[in-house]
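Numbering (mature numbering (1 follows the signal peptide of the UniProt record, and there is no 0)), first residue to last: -22 to -1, 1 to 510.
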Ligand SMILES: *[C@@H]1O[C@H](CO)[C@@H](O)[C@H](O)[C@H]1NC(C)=O
Ligand SMILES: *[C@@H]1O[C@H](CO)[C@@H](O)[C@H](O)[C@H]1NC(C)=O
């Protein structure tokens, strides 16, 4: 891939032609190597994350409007055990407690999201702005800053105001672009004097595919082969509009950054010497990360998406592609609307070529013509889909560097869950996962990838969408049976804290010591939990 040339002239009229190296991702070399002892660059930011619907509770308090997740989770049969986020961690009432947990970890940043219907109950600014909702986020932001924790704020973490879904069809309707821009503008206006890191959307892949294609997530629509592409198209436009709003109206005064947080599992060719497998793996990554990242960095969808969806639409006898198109004005408007790239990464798949004939119906999944495989030796401690494959993280980060011109990256989500009603606070599998994934990120930085921060997912156990409370991602355990929702540290709190205070992995002896110490202290937490 050839990136733009930069012409520079020095005062001695020496013309320097800088051809930025045409860099391509090397699919054929996967250097796994051993554990790397070393530290992160000075100023590297360590954090933990959450989202509004998953942790706040208080779903109908202080004037909050309903979101699509309130409505979806209240329908029977959508969520594991018919659970809801109605009270969840009661985070709305526990700001002080939770900030003391962050202090214990010595976090540099905390990533959370603003619930749109909490501050605009119908989603529409001219209807009503809810000052009580604004005050909740004001207090949270102020308390974070008092404790020297940088807020990283997500504007859309899936909880669209229900009114916008019901009346207008949610992200199927282009009018969401303006409604979202009004909401974002209000956030810039009210919080932007203190918030300097904004994430427009969290994981739009999931919004589009699980919300509008498979229906596993709110709003639960199953518009196979079209719904996800249309939702994504509008989300990309909404992202670009909000970035431009910030750029033209707020950046001078507030001096913050606006990015997006994209989810991306890594796809590794089953056989790295087989060209078909390499192409299939690249398609997997382009349909996942590239779907959003390529328009935002280069102005248009990945060529391979245009080719495959176009070809399959023609085979179906459609007059145009199911993948919408951007006009040339839209392309230049969208291109470059990213001050930093947020990355949510959890796992990896092996990928091989597999044809799906069009006459059997089309979907986002069959459009890709590939099959996903896993290695049965990969550890799989929690969520069914979440295999621990640390080297995939380094591969993904290097891919991003080569594809999008080495952008500034914040890892906005990375972590592992445990299954079901597990009350084990000695989470050595999470310690292992964090240690190995963070180490691969360190190797990627040595490779030259521009990673500036890392966000462990998540601070607390919380409502895990359609899985209810059956999957726990937290560093802190939450006892949901108890009305007060008490928090207990898992062993990984101790371990992550050491990584943070050492800014990496100083040497083998010390790092091995951390694990021993962390697992020593957790048995007393186990006893506390059993007694509580
Ligand atoms: C959830 O609701 C559905 C529909 O009412 C019901 O069939 C199912 O048994 C419920 N599940 C639980 C665990 O209560
Ligand atoms: C899209 O939203 C607008 C309101 O902004 C509404 O007038 C229009 O009917 C909606 N379109 C559909 C198809 O729902």
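Here a beta-carbon is modelled for each residue, glycine too, at the ideal position from N, C-alpha and C.
Asked                                                                                                               : Found
Residue 217 - DSSP class collapsed to helix/strand/coil                                                             : helix
Same chain only: Cβ atoms within 6 Å of residue 317, ignoring 5 sequence neighbours per side                        : 235, 236, 237
Beta carbon shell of ligand 1 at less than 6 Å from a heavy atom                                                    : 54, 55, 59, 60
Cβ-Cβ distance between residue 503 and residue 412 below 8 Å                                                        : no
Which of helix, strand or coil DSSP assigns to residue 450                                                          : strand
Buried or exposed (CB count within 10 angstroms, at least 16 for buried), residue 14                                : exposed
The region 91 to 105 / the region 128 to 140 touching (three or more Cβ pairs under 8 Å)                            : yes
Cβ-based burial, residue 394 [other Cβ within 10 Å; buried from 16]                                                 : buried
Distance CB(residue 512)-CB(residue 115) smaller than 8 Å                                                           : Since the displayed the chain opens at -22 and closes at 510, residue 512 lies outside it and no answer follows.
Sequence-distant residues of the same chain with beta carbon closer than 6 Å to residue 353, five excluded per side : none
Nearest-angstrom Cα separation, counted from residue 177 out to residue 275                                         : 16 Å
Residue burial classification, residue 323 (beta-carbon count within 10 angstroms, cutoff 16)                       : buried
Any non-hydrogen atom of ligand 2 within 7 Å of residue 11 CB                                                       : no
CA nearest to the CA of residue 151, picked from 213, 47, 435                                                       : 213
Host beta strand (DSSP E) of residue 327 (start-end)                                                                : 326 to 331
Residue range of the alpha helix (DSSP H) that includes residue 276                                                 : 269 to 276
Residue 446 beta carbon near ligand 2 (any heavy atom closer than 7 Å)                                              : no
Distance, residue 58 Cα to residue 200 Cα                                                                           : 19 Å
Closest by C-alpha distance to residue 239, when choosing among 268, 305, 50, 42                                    : 268
DSSP-derived helix/strand/coil call for residue 245                                                                 : strand
CA-to-CA distance, residue 485 to residue 301, given in whole angstroms                                             : 50 Å
beta-carbon residue 148 near ligand 2 non-hydrogen atom, thresh 7 Å                                                 : no
Three-state secondary structure assigned by DSSP to residue 37                                                      : coil
Closer than 7 Å: residue 104 CB and nearest ligand 2 heavy atom                                                     : no
Limits of the unbroken alpha helix (DSSP H) element including residue 112                                           : 109 to 124
Residue 142 versus residue 333 - alpha carbon distance                                                              : 38 Å
Residue 182 to residue 443 span [Cα, whole Å]                                                                       : 15 Å
Continuous beta strand (DSSP E) assignments of at least 3 residues falling wholly in the region 42 to 105           : 87 to 91
Neighbour-count burial assignment, residue 48, 16 or more Cβ in a 10 Å radius                                       : buried
Those residues which DSSP pairs with residue 258 across a bridge                                                    : BP columns for residue 258 are empty, so no partner.
Spatially closest choice to residue 450 from 408, 172, 254, by CA coordinates                                       : 408
Pick from 188, 194, 372 that is closest to residue 9, judged by C-alpha positions                                   : 372
Candidates 37, 256, 30, 340: closest to residue 132 by CA position                                                  : 30
Proximity test, residue 159 beta-carbon vs ligand 4 heavy atom, cut-off 7 Å                                         : This structure lacks ligand 4; its bound ligands are ligand 1 and ligand 2.
The beta strand (DSSP E) enclosing residue 228, as first and last residue numbers                                   : Residue 228 -> no beta strand (DSSP E), and no H or E assigned at all.
Start and end residues, beta strand (DSSP E) containing residue 11                                                  : Residue 11 -> no beta strand (DSSP E), and no H or E assigned at all.
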